[in-house]
Amino acid sequence: MSPSAADAPTPFTRDDYVARMRRAVADATRAGLDGLLVMPGPELVWLTGYRPTAITERLTVLVLARDREPTLVVPTLERPDAEAATGAAGLQMVAWNDGEDPFEGAAALMRGGATWGISDSAWAAHLLGLQHAVPGSSYRSLTQSLPMLRAVKDSAELARLEAAGAAADATYEQILGVRFAGRRETDVAADLARLLREHGHEQVDFTVVGSGPNGANPHHEAGDRTIEVGDAIVLDFGGLMHGYGSDTSRTVCVGEPSEEIREVHEIVRLAQQAGVEAVRPGVACQEVDRAARAVISDAGHGERFIHRTGHGIGTTTHEPPYMIEGEEQPLVPGMCFSVEPGIYLAGRFGVRIEDIVTVTDTGGRRLNTTTRELQVVE
Ligand code: ZN
Ligand code: ZN
Numbered sequence: 019m020s021p022s023a024a025d026a027p028t029p030f031t032r033d034d035y036v037a038r039m040r041r042a043v044a045d046a047t048r049a050g051l052d053g054l055l056v057m058p059g060p061e062l063v064w065l066t067g068y069r070p071t072a073i074t075e076r077l078t079v080l081v082l083a084r085d086r087e088p089t090l091v092v093p094t095l096e097r098p099d100a101e102a103a104t105g106a107a108g109l110q111m112v113a114w115n116d117g118e119d120p121f122e123g124a125a126a127l128m129r130g131g132a133t134w135g136i137s138d139s140a141w142a143a144h145l146l147g148l149q150h151a152v153p154g155s156s157y158r159s160l161t162q163s164l165p166m167l168r169a170v171k172d173s174a175e176l177a178r179l180e181a182a183g184a185a186a187d188a189t190y191e192q193i194l195g196v197r198f199a200g201r202r203e204t205d206v207a208a209d210l211a212r213l214l215r216e217h218g219h220e221q222v223d224f225t226v227v228g229s230g231p232n233g234a235n236p237h238h239e240a241g242d243r244t245i246e247v248g249d250a251i252v253l254d255f256g257g258l259m260h261g262y263g264s265d266t267s268r269t270v271c272v273g274e275p276s277e278e279i280r281e282v283h284e285i286v287r288l289a290q291q292a293g294v295e296a297v298r299p300g301v302a303c304q305e306v307d308r309a310a311r312a313v314i315s316d317a318g319h320g321e322r323f324i325h326r327t328g329h330g331i332g333t334t335t336h337e338p339p340y341m342i343e344g345e346e347q348p349l350v351p352g353m354c355f356s357v358e359p360g361i362y363l364a365g366r367f368g369v370r371i372e373d374i375v376t377v378t379d380t381g382g383r384r385l386n387t388t389t390r391e392l393q394v395v396e
């Protein structure tokens, strides 16, 4: 089932990148910004295809504004890599040499007195340098100004997310066959990472194995605890495949589950189902959270569901839109995000079930399709 080279998706084209950069400028204008300063990170990858391998203290910035061609300011020694990676995007380049003032090149592209959206991942030193080089400019968080910039996926992006989801599903189906009892969490986590790579992931971002009481801590990754018969185990794993993310959770039981584990698992399964069923165009993100949360609250576990219901996914595994109370952004066909309610009984065990869901014209469609019934492992 491992993907071959033949399964590699068609590369994004110049038209794709040009359209994204145009949309970014149009969205920025609507948000009251004069332009965008995009530093290495998820936006730069999405806009240009450029993912610098080593992000150093040297300034790299894509300057996007209405009145000029998209221009990448780049250190001379990284220019060949940048040109190779952004060949399809057809960018202007301004290179600067070590020993030169890196902010001069950027300042020449920026109007004084303008308001810029700047990447959340920008180094403070770079923002300070730009503030000094372009007096009178002001800056706003790119993510806060344009939260939905990357949220609606086109068909080529959706195909990548589907492939990543299928690889995560294949990983889950195989992990059900490995031994759990008597092994450490880190051993099972290593199995998950190996399987994700075997099924085509180029990057593994997380492999949560939360056994017994560790499952009650949603931020637990995997530790030295030896897995015991009777443990409920939260498995939550994902990474990047062809540049797009996977993220799925299932909770399994080692040997026959107790009545309580069965009950709590069933509540989470129904909550996750309710969350997915709430997905349709025009519905506010918070309604997905409310639908899942209501099932858990009605069952008396409301205080044990201690995180939002979901997050967007794309070139990163966590991004807007967020399925959380207070988020009134309406769902739009093409959005992709997780629906992942959980119940956490401190000191005892936790249960989480998570699928990536995409919004279609008529509702929500899961990109993870493995069984959500409680599975017994050895
Ligand atoms: Zn997850
Ligand atoms: Zn998630």
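If you read the sequence shown in this note's numbering, its first letter stands for residue 19, the second for the next number, and so on.
Ideal placement from N, C-alpha and C gives every residue a C-beta, glycine not left out.
Under the rule that 16 or more other beta-carbon atoms within 10 Å means buried, what is residue i, buried or exposed?
{"i": "asparagine 12", "result": "Because the chain spans 19 through 396 in this model, residue 12 falls outside it and cannot be assessed."}
{"i": "leucine 95", "result": "exposed"}
{"i": "glutamine 221", "result": "exposed"}
{"i": "aspartate 187", "result": "buried"}
{"i": "alanine 126", "result": "exposed"}
{"i": "arginine 32", "result": "exposed"}
{"i": "asparagine 232", "result": "buried"}
{"i": "arginine 390", "result": "buried"}
{"i": "arginine 178", "result": "buried"}
{"i": "glycine 365", "result": "exposed"}
{"i": "leucine 146", "result": "exposed"}
{"i": "alanine 103", "result": "buried"}
{"i": "alanine 26", "result": "exposed"}
{"i": "methionine 19", "result": "In this predicted model, methionine 19 has a pLDDT of only 45, less than 50, meaning its place in the structure is not dependable enough to derive any value."}
Within its chain, find whatever has a CB closer than 6 Å to the CB of residue i; leave out the 5 residues flanking it on each side and keep chain order.
{"i": "alanine 140", "result": "Met57"}
{"i": "isoleucine 342", "result": "Asp307, Arg326"}
{"i": "arginine 168", "result": "Trp64, Gly332"}
{"i": "arginine 202", "result": "Asp242, Thr244"}
{"i": "glutamate 417", "result": "Any question about residue 417 goes unanswered here, given that the chain covers just 19 to 396."}
{"i": "glutamate 180", "result": "Leu385"}
{"i": "alanine 207", "result": "Thr225, Val227, Ala240"}
{"i": "alanine 289", "result": "Ala310, Val313, Ile314, Pro359"}
{"i": "glutamate 246", "result": "none"}
{"i": "alanine 4", "result": "Past the edges of the chain, shown from 19 to 396, lies residue 4, and the structure says nothing about it."}
{"i": "leucine 214", "result": "Thr189, Val222, Gly257"}
{"i": "alanine 24", "result": "Legend: pLDDT at alanine 24 = 44, less than 50; position of this residue unreliable, value from coordinates given subsequently. Result list for alanine 24: empty, nothing under 6 Å."}
Identify, in the order they occur along the chain, each residue of the same chain with its Cβ nearer than 8 Å to the Cβ of residue i, setting aside the five sequence neighbours on each side.
{"i": "glutamate 396", "result": "Arg197, Phe198, Ala199, Val272, Gly273"}
{"i": "serine 159", "result": "Gly135, Ile136, Asp138"}
{"i": "arginine 84", "result": "Val43, Thr47, Asp52, Gly53"}
{"i": "valine 397", "result": "Past the boundaries of the shown model lies residue 397; the chain is included only from 19 to 396, so the question cannot be answered."}
Using CA coordinates, which residue listed in the options is at the minimum distance from residue i?
{"i": "methionine 128", "options": "Val36, Gly154, Gly108", "result": "Gly154"}
{"i": "threonine 376", "options": "Glu358, Cys354, Glu391", "result": "Cys354"}
{"i": "glutamate 75", "options": "Thr389, Glu372, Ala142, Ile371", "result": "Ala142"}
{"i": "alanine 37", "options": "Gly261, Val91, Lys171, Gly123", "result": "Lys171"}
{"i": "aspartate 254", "options": "Ala310, Thr189, Leu55", "result": "Thr189"}
{"i": "serine 156", "options": "Gly123, Gly131, His144", "result": "Gly131"}
{"i": "leucine 62", "options": "Asp45, Arg86, Ser173, Tyr35", "result": "Tyr35"}
{"i": "serine 267", "options": "Pro165, Trp114, Ser356, Gln110", "result": "Ser356"}
{"i": "threonine 204", "options": "Leu148, Ser229, Val91, His217", "result": "Ser229"}
{"i": "isoleucine 371", "options": "Ala250, Tyr340, Glu321, Gly257", "result": "Ala250"}
{"i": "tyrosine 362", "options": "Pro236, Pro275, Glu246, Pro338", "result": "Pro236"}
{"i": "methionine 39", "options": "Arg97, Ile73, Gly108", "result": "Gly108"}
{"i": "aspartate 223", "options": "His319, Arg97, Glu321, Ala182", "result": "Ala182"}
{"i": "aspartate 316", "options": "Gly123, Val286, Arg69, His238", "result": "Val286"}
Please report the Cβ distance between residue i and residue j, rounded to the nearest whole angstrom; I am assuming they are in contact, meaning their Cβ atoms lie under 8 Å.
{"i": "valine 369", "j": "valine 282", "result": "5 Å"}
{"i": "glutamate 358", "j": "glycine 328", "result": "6 Å"}
{"i": "methionine 259", "j": "alanine 185", "result": "6 Å"}
{"i": "glycine 50", "j": "threonine 133", "result": "7 Å"}
{"i": "threonine 388", "j": "glutamate 191", "result": "6 Å"}
Who are the near neighbours of residue i in its chain, counting only those whose CB is closer than 7 Å to its CB and skipping five residues on each side?
{"i": "histidine 336", "result": "His329"}
{"i": "threonine 334", "result": "Pro60, Gly263"}
{"i": "proline 299", "result": "Leu349, Val350, Pro351, Val377, Asp379"}
{"i": "glutamine 162", "result": "none"}
{"i": "serine 280", "result": "The identity of residue 280 in the sequence shown is arginine, whereas the question assumes serine. For arginine 280, where only same-chain residues beyond five positions count, the Cβ hits under 7 Å are Leu392."}
{"i": "aspartate 209", "result": "Ile193, Val196"}
{"i": "serine 22", "result": "The predicted position of serine 22 is uncertain, since its pLDDT is 45 and thus under 50; a value taken from the coordinates is nonetheless stated next. None."}
{"i": "glutamate 87", "result": "Gln110"}
Beta-carbon of residue i versus every beta-carbon of chain B: anything under 9 Å?
{"i": "aspartate 379", "result": "Annotation note: the requested chain B is absent from the structure, which comprises a single protein chain."}
Using a threshold of 8 Å, is the CB atom of residue i nearer than that to any non-hydrogen atom of ligand 4?
{"i": "valine 226", "result": "Ligand 4 is absent from the structure shown, which contains only ligand 1 and ligand 2."}
| Pocket of ligand 2 (residues with CB nearer than 6 Å to any heavy atom), chain order | Asp265, His329, Ser356, Glu358, Glu372
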